[in-house]
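Enquirer:
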Amino acid sequence: MIIYGTRATHLESKNLIGETCPQCHKQGTINMSIFGRYAHLFWIPFFPAGKIGFSQCTHCLHALEVKEMPDNLKRQFQRLKASVQYPRWHFTGLGLLALAGVALGIFLKEENKANQEYLASPQVGDVYEYKTNTDHYSTLKVVEVKDKSVLVLENLYETEARGQVHTLNKEANYTKPAIEISKQELQKQYEEGKIFDVERD
């Protein structure tokens, strides 16, 4: 269950010294309050969603929403609203997403670097995860390394889900005889995206 919505927090209040309450006609008794709305996901603020406000007389406690205010109070609201900034924590969710994006970028860069190194210097036991000609996913397992090529066993099984391809890596799933692939061809298939990951114990 995803919990999301909007909430509001108090930003600023100001006494309007020169204004008169339209209800009790007392002067200097009106306070104008500004609230900042923000969108949240699981109660984590993600981004601002506008400003709202109301006025209240400290003498008679008469309160008005913006749409109910006379024009002079609406102008005061607009001026105060424009002068108030959203707090930084209203952007917490966006900040977390940005950090997650940076972390993911670093992870993918390091993973790509490791894959390039594994392909350049293959070892017995390496498992290549790749996309088949039928747009499914399967694995190849290195059983012998030569000077310019490797011998690999093909997996008997495929999966439609890329995220599940690692579950196919079982000894009983590989079939003989081994096939020979040049190291140059391995690099080419990785650059083309056919081989997308290399697993090494």
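Letter by letter, the sequence shown follows residues 81 to 281 in this note's numbering. For every residue, glycine included, the Cβ atom is placed at its ideal position computed from N, Cα and C. All values reported here derive from a predicted model rather than from experimental measurement.
If distances are taken between C-alpha atoms only, which option among Leu-177, Ile-82, Lys-256 comes closest to Trp-123?
Expert: One-based indexing of the sequence shown puts residue 123 at position 43. Ranking the options by Cα distance to Trp-123, first place goes to Ile-82.
Enquirer: Tyr-208: buried (16+ other C-beta within 10 angstroms of its C-beta) or exposed?
Expert: As a working note, residue 208 is residue 128 in the sequence shown. By the 10 Å Cβ count, Tyr-208 comes out buried.
Enquirer: Which residues bound the beta strand (DSSP E) around Thr-212?
Expert: Here residue 212 refers to the residue found at position 132 when the sequence shown is read from its first residue. Premise fails: Thr-212 is in no beta strand (DSSP E) and is neither H nor E.
Enquirer: Opposite Ile-110 in the DSSP bridges: which residues?
Expert: Translated into the one-based positions of the sequence shown, residue 110 becomes position 30. Per DSSP, Leu-96, Cys-137.
Enquirer: Which partner residues does Val-232 have in the DSSP bridge list?
Expert: By 1-based counting over the sequence shown, the position of residue 232 is 152. Paired residues: Val-222, Ile-259.
Enquirer: Within a Cβ cutoff of 8 Å, which residues of the same chain sit near Gly-98, ignoring the five residues on either side of it in sequence?
Expert: On the sequence shown, residue 98 is found 18 positions in, with the first residue counted as 1. Once the five neighbours on either side are set aside, the close Cβ partners of Gly-98 are Gln-107, Gly-108.
Enquirer: I need the DSSP call for His-105, collapsed to helix, strand or coil.
Expert: The sequence position of residue 105 within the sequence shown is 25, counting from 1. Note: His-105 maps to coil in three-state DSSP.
Enquirer: Use the C-beta contact count for Asp-277: other C-beta atoms within 10 angstroms, 16 or more gives buried, fewer gives exposed.
Expert: Here residue 277 refers to the residue found at position 197 of the sequence shown. Flag for Asp-277 reads buried.
Enquirer: Identify which residue in Lys-221, Ser-201, Gln-136 has its Cα closest to the Cα of Pro-102.
Expert: Taking the first residue of the sequence shown as position 1, residue 102 is located at position 22. Of the listed residues, the one whose Cα sits closest to Pro-102 is Gln-136.
Enquirer: For Asn-122, which of helix, strand or coil comes out of DSSP?
Expert: Taking the sequence shown and counting its residues from 1, the one referred to as residue 122 is at position 42. Checking the sequence, you will find Phe at residue 122 rather than Asn. Looking at Phe-122 - three-state DSSP - the assignment turns out to be coil, as it is neither helix nor strand.
Enquirer: What residue does the beta strand (DSSP E) around Ala-143 start on, and which one ends it?
Expert: Start at 1 with the first residue of the sequence shown, and residue 143 comes out as number 63. Here the beta strand (DSSP E) through Ala-143 covers 143-145.
Enquirer: So, with DSSP's three-state summary, where would you put Arg-242?
Expert: Counting from 1 along the sequence shown, the entry for residue 242 is found at position 162. Residue state, collapsed to three classes: helix.
Enquirer: Out of curiosity, what's the CA-to-CA distance linking Lys-256 and Leu-188?
Expert: Residue numbering aside, residue 256 sits at position 176 when the sequence shown is read from its first letter. Residue numbering aside, residue 188 sits at position 108 when the sequence shown is read from its first letter. Distance between the alpha carbons of Lys-256 and Leu-188 is about 33 Å.
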